[in-house]
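Right, one structure below, let's go through it.
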Amino acid sequence: MFSIKVNEHIQIHLIEMNHIEAMYEAVHNSRAHLRRWLPWLIQVKSIYDYQPIIGSWLQQFAEGRGFQAGIRYDGEFVGMIGLHDIDWASRKTTMGYWLSQEAVGKGIMTKAVDACLHVLFEEYQLNRVQINCGVENFESQGIPKRLGFELEGVVKDGEWLYDHYHDLYQYSLLRSTWLERQQG
Numbered sequence: 010m011f012s013i014k015v016n017e018h019i020q021i022h023l024i025e026m027n028h029i030e031a032m033y034e035a036v037h038n039s040r041a042h043l044r045r046w047l048p049w050l051i052q053v054k055s056i057y058d059y060q061p062i063i064g065s066w067l068q069q070f071a072e073g074r075g076f077q078a079g080i081r082y083d084g085e086f087v088g089m090i091g092l093h094d095i096d097w098a099s100r101k102t103t104m105g106y107w108l109s110q111e112a113v114g115k116g117i118m119t120k121a122v123d124a125c126l127h128v129l130f131e132e133y134q135l136n137r138v139q140i141n142c143g144v145e146n147f148e149s150q151g152i153p154k155r156l157g158f159e160l161e162g163v164v165k166d167g168e169w170l171y172d173h174y175h176d177l178y179q180y181s182l183l184r185s186t187w188l189e190r191q192q193g
């Protein structure tokens, strides 16, 4: 299965059914923190709501359309990173991520995204990775900025968030740019 050891503290692993409790706890304990940016949060009210979701994620991975992975920090489930389906014809994808409140500010997500970029550009041979962040989600914006993504513009009313639309910044990183940075 899909697994990346980022460093001695951070591990990324494919989400499977046996991760339901840890994932639910991480979301539940950070619900107020996460609710500001994650529109799917209201759909997950109990631990059982994850079963069909995880089933669809495993199918996505089995069909080669991407992955949804958990992030562990010193063994504790602290967040997720995943792809919103790979477009193999254009060799591109959009990446999403979240961290529990207590894990924010430790560099965990920047390291996790960087590790996934190695897989996406080297193993999967993708040409483009995109990240969309709320224009007011400054913590999330820092990740693509630190990793050399280019801000392409604003997606007006890009996402429905509970009772309103909000704008998104669209960032992208091309394989050629990433390779140049790896060599320099």
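Residue numbers (my numbering): 10 to 193.
Think of the CB as a built atom: it goes at the ideal place given N, C-alpha and C, for glycine as much as any other residue.
Small disclaimer: the values here were computed from a predicted structure and weren't measured.
| task | Pick helix, strand or coil for Tyr82, following the three-state DSSP scheme. | result | What you label residue 82 is simply residue 73 of the sequence shown in a count that begins at 1. Of the three classes helix, strand and coil, the one that applies to Tyr82 here is strand, per DSSP.
| Just curious, the beta strand (DSSP E) that Lys165 is in, first and last residue? | The count along the sequence shown starts at 1 and reaches residue 165 at position 156. DSSP places Lys165 in the uninterrupted beta strand (DSSP E) bounded by Glu159 to Leu170.
| request: Note the first and the last residue of the continuous beta strand (DSSP E) segment covering Asn141. | output: If you number the sequence shown from 1, residue 141 lands on position 132. From DSSP, the beta strand (DSSP E) with Asn141 extends over Arg137 to Gly143.
| message | Could you check whether the Cβ of Trp187 sits closer than 9 angstroms to any Cβ belonging to chain B? | response | Looking at the structure shown, chain B is missing, and only one protein chain is on hand.
| query | If you compare alpha carbons, which of Arg137, Val128, Glu159 and Trp169 is closest to Leu50? | reply | The count along the sequence shown starts at 1 and reaches residue 50 at position 41. That would be Trp169, whose Cα lies nearest to the Cα of Leu50.
| query | What does Gln150 pair with, by DSSP beta-bridge criteria? | reply | The residue you call residue 150 lines up with position 141 of the sequence shown. BP columns for Gln150 are empty, so no partner.
| For Trp46, which of helix, strand or coil comes out of DSSP? | Along the sequence shown, one-based indexing puts residue 46 at 37. Here Trp46 sits in coil by DSSP.
| query | For the alpha helix (DSSP H) that Leu126 lies in, which residues bound it at each end? | reply | Along the sequence shown, one-based indexing puts residue 126 at 117. Boundaries of the alpha helix (DSSP H) around Leu126: Ile117 to His127.
| query | For Asp123, which residues of its own chain have a beta-carbon under 7 angstroms away from its beta-carbon, when the five flanking residues on both sides are left out? | reply | Indexing the sequence shown from 1 puts residue 123 at position 114. Once the five neighbours on either side are set aside, the close Cβ partners of Asp123 are Leu156.
| request: Round the Cβ separation of Ile24 and Ser12 to the nearest angstrom and send it over; I've been treating them as touching at under 8 angstroms. | output: One-based indexing of the sequence shown puts residue 24 at position 15. One-based indexing of the sequence shown puts residue 12 at position 3. About 11 angstroms; that fails the 8 angstroms criterion.
| request: Could you please give me the residues that DSSP links to Lys101 through a beta bridge? | output: For the purposes of this step, residue 101 is taken as residue 92 along the sequence shown, with counting starting at 1. DSSP, once it has assigned bridges, lists Asp96 and Arg137 as partnering Lys101.
| task | Tell me whether Ser39 sits in a helix, a strand or coil according to DSSP, three-state version. | result | For the purposes of this step, residue 39 is identified with residue 30 of the sequence shown, where counting begins at 1. Ser39 falls in the coil class under three-state DSSP.
| Inter-residue Cα distance where the pair is Lys101 and Leu182 | The residue labelled residue 101 in the question sits at position 92 within the sequence shown. The residue labelled residue 182 in the question sits at position 173 within the sequence shown. Answer to the nearest angstrom: the Cα atoms are 10 angstroms apart.
| message | I'd like the span of the beta strand (DSSP E) that includes Tyr178, first residue to last. | response | What you label residue 178 is simply residue 169 of the sequence shown in a count that begins at 1. Going by DSSP, Tyr178 is part of the beta strand (DSSP E) stretching over His173 to Leu183.
| query | How long is the line joining the alpha carbons of Tyr33 and Arg45, rounded to whole angstroms? | reply | Start at 1 with the first residue of the sequence shown, and residue 33 comes out as number 24. Start at 1 with the first residue of the sequence shown, and residue 45 comes out as number 36. Computed Cα separation, rounded: 17 angstroms.
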